[in-house]
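Q: Here the protein sequences come in this chain order: V and Z.
For the first sequence, the residue numbers in our numbering are 2 to 256.
For the second sequence, the residue numbers in our numbering are 7 to 259.
Think of the CB as a built atom: it goes at the ideal place given N, C-alpha and C, for glycine as much as any other residue.
Following this message is one structure expressed as structure tokens.
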Amino acid sequence: MEATRQYFFSDMSVMLGRSMRHIFRSMDTIITVTIMPIAMMLLFVYVFGGAIQTGTANYVNYLLPGILLIAIISGISYTAYHLFMDMQSGIFDRFHSMPIAHSAALWGHVLTSLVSNAISVVVVILVELIMGFRSSAGVLSWIAVAGILALFTLALTWVAAIAGLSAKSVDGAGAFSYPIIFLPFVSSAFVPTESMPSGVRAFAENQPVTSIVDAIRALLSRKPVGNDIWIALAWCLGIMIVAYIFAMRVYKKRA
Amino acid sequence: MQNQAIHVKGLQKSYKKLHVLKGVDFEVEKGSIFALLGSNGAGKTTIVKILTTLLKQDGGTAIVNGFDITSKPDDVRQSISLTGQFAAVDEILTGRENLVMIARLRHLKDPRQVADDLLNRFGLTDAADRRVSTYSGGMCRRLDIAMSLIGKPQIIFLDEPTTGLDPEARIEVWKTVKELANNGTTVFLTTQNLEEAEQLADQIAILHEGRIIANGTLADLKKLFPPAKVEYVEKQPSLEEIFLAIVGKKEEE
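Dropping the structure here:
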């Protein structure tokens, strides 16, 4: 037991290195998690943007938080996919019959999700800078934004882990992310919720994405953040803890 | 007990209503090749999974390399390695990266050197920096077994190591297994291929309907049957012999 604990972090970094290679060697993954959000950004800014009234001068600024969340949501479905493939291939059996911490293999995937999503978020932000995104936010605000995005990624990664570990087929492993990817559309990410009919508006204003988007938007435009940030953090933490408990339970049962 | 690598007593396991193992007993001597024979679904893989700590038994005990699998699973994992039914290799990594990864996880001093040695020994040096997804079935299996040797485990579990391989690759795997045993490693092997057991095993156990129904050396098992009758039959070459002869000739040319 001592030995496995002592090496937990080095084992995990080996696992991280392994699945980061998977990401970098799969063009499909890179394209989906970076090009897709950027394409959506272009579409909203240059096609729909002219018709959308947000009450702000710079629509790119308005759109940025939502696009970042979409980038992350499309990124985490790969965690489910890779986990599922590992369960199928028997490589998890090899890891688990070795003297390493049982959860190192799973944590490797979770860390990979965090790192690869951070990369795609940075790439998306760089492109948006070119498209006219400007922010006068200070270092602290940016750290807060990074923290919220990291928590959001972790929360969804554990949801993805449940899907990847319990799926019976590859399609099943990826299917969970489709409903999630609609959440930003029914939120304040693209248009102000005031423009929606009352039923939709009630849903939009009380689902996690709106509070996360509003919190990030306020942080980046140096406006008072208010309660949004606490609601956003509560959502992320709540989802993360519940999903973590379920994922670990499935993991112990299946692997 | 000193000379036993594996000692299994009264092992039981059920999956829901399906009673797969109904009290399995056997012992494996250190440094020997032990073959567990049985048809599909007999529970061979279940036994391997229990002995490699991947699955918990419902009843009975098992001692692997002197350690109880229930109370000392970490010590068991230090002593063994598993080559499962499906090649447990990472297809997106190269052969070398696979070996280095396992050497790191075994916390060895010089992972690159370990990888180079094994690539050389298993004839994979030329393919070392190619992704495993481009390997043939035989090369995959060789890499798989090479990965299992890292860290010099005392006991190696091979679950149907030659299923799905062509005859040449199969013979290659057999050679590797024999070499392992000659170097003192205990090999626990499951197979449905009777010839494989006959070729390799020092000791053969037959698993049928959840129990070991026969156990012993090949000579022991032969004694269970009526004495051999002498019959004169024209010896026809088997298709396998023909195949290997033709392919062998081609390679010589």
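Taking the alpha-carbon positions, what's the F40/Z to N126/Z distance?
A: 27 Å
Q: Residues in the segment 86 to 119 of chain V with C-beta within 7 Å of chain Z's C-beta atoms, listed in sequence order?
A: S90, G91, I92, D94, R95, H97, S98, M99, P100, I101
Q: Which residue wins for smallest C-alpha separation from V14/Z, given the options F92/Z, I56/Z, T182/Z, N46/Z?
A: Distances from the alpha-carbon of V14/Z to those of F92/Z, I56/Z, T182/Z, N46/Z put I56/Z closest.
Q: Going by beta carbon distance, what residues of the same chain come within less than 6 Å of F9/V, once the five residues before and after it are set aside?
A: A102
Q: On the criterion of 16 or more Cβ atoms from any shown chain inside 10 Å, does Y252/V qualify as buried, or is it exposed?
A: buried
Q: Can you tell me which of A52/V, V34/V, M249/V puts its alpha carbon nearest to the alpha carbon of L166/V?
A: M249/V
Q: With distance defined between alpha-carbon atoms, name the residue in G239/V, A72/V, A164/V nearest to G173/V.
A: A164/V
Q: K22/Z CB to nearest chain V CB: under 9 Å?
A: no
Q: Once you ignore the five residues that flank H25/Z on each side, which residues in its own chain have a CB closer than 7 Å to its CB?
A: Excluding residues up to 5 positions away in sequence, G216 lie with their Cβ nearer than 7 Å to the Cβ of H25/Z in the same chain.
Q: Hey, would you say L65/V sits closer than 9 Å to I213/V, going by beta carbons?
A: Contact: no.
Q: Assuming G65/Z is part of the beta strand (DSSP E), what are its boundary residues?
A: 65 to 70
Q: Using a Cβ-Cβ cut-off of 6 Å (strictly less than) and excluding sequence neighbours within five positions of S142/V, which residues of its own chain qualify?
A: L220
Q: In the DSSP assignment, what residue or residues form a beta bridge with V193/Z?
A: I39/Z, I162/Z
Q: Please check the pair I156/Z and I86/Z, which I expect to be a contact at CB under 8 Å, by giving their CB distance rounded to whole angstroms.
A: With 8 Å as the limit, I156/Z and I86/Z do not qualify as a contact, their Cβ atoms being about 12 Å apart.
Q: Please classify F25/V as buried or exposed, where buried requires at least 16 neighbouring CB atoms within 10 angstroms.
A: exposed
Q: Against chain Z, which members of the segment 8 to 24 of chain V pass a CB distance test of less than 7 Å?
A: Y8, D12, V15, R19, R22, H23
Q: Compute the beta-carbon to beta-carbon distance between I74/V and I181/V, rounded to the nearest angstrom, for a pair I have assumed lies under 8 Å.
A: 5 Å
Q: Identify the continuous beta strand (DSSP E) that holds Q209/Z and give its terminal residues.
A: 209 to 214
Q: Just the C-alpha distance for A203/V and G239/V, rounded to the nearest angstrom, thanks.
A: 21 Å
Q: Excluding the 5 residues preceding and the 5 following T58/Z in the sequence, name in chain order all residues of the same chain whose CB lies nearer than 7 Å to its CB.
A: Non-local beta-carbon contacts of T58/Z in its own chain, meaning distances under 7 Å to residues more than five positions away in sequence, involve I86, L88, F163 in chain order.
Q: Rounded to whole angstroms, what's the CA-CA distance from Q242/Z to P167/Z? Just pull it up for me.
A: 28 Å
Q: Mind listing the chain V neighbours of Q84/Z? Cutoff is C-beta to C-beta under 7 Å, in chain order.
A: P100
Q: Check whether the Cβ atoms of A156/V and A244/V lie closer than 9 Å to each other.
A: Closer than 9 Å, so yes.
Q: Report buried or exposed for D64/Z, applying the criterion of at least 16 other Cβ atoms within 10 angstroms of its Cβ.
A: exposed
Q: CB F92/Z to CB G91/V, shorter than 9 Å?
A: The answer is yes: Cβ separation under 9 Å.
Q: Check distances from the C-beta atoms of the segment 24 to 57 of chain V to those of chain Z and list, in chain order, the residues that come in under 7 Å.
A: R26
Q: Listing by chain order, which chain V residues have their CB less than 7 Å from the CB of I98/Z?
A: R22, H23, R26
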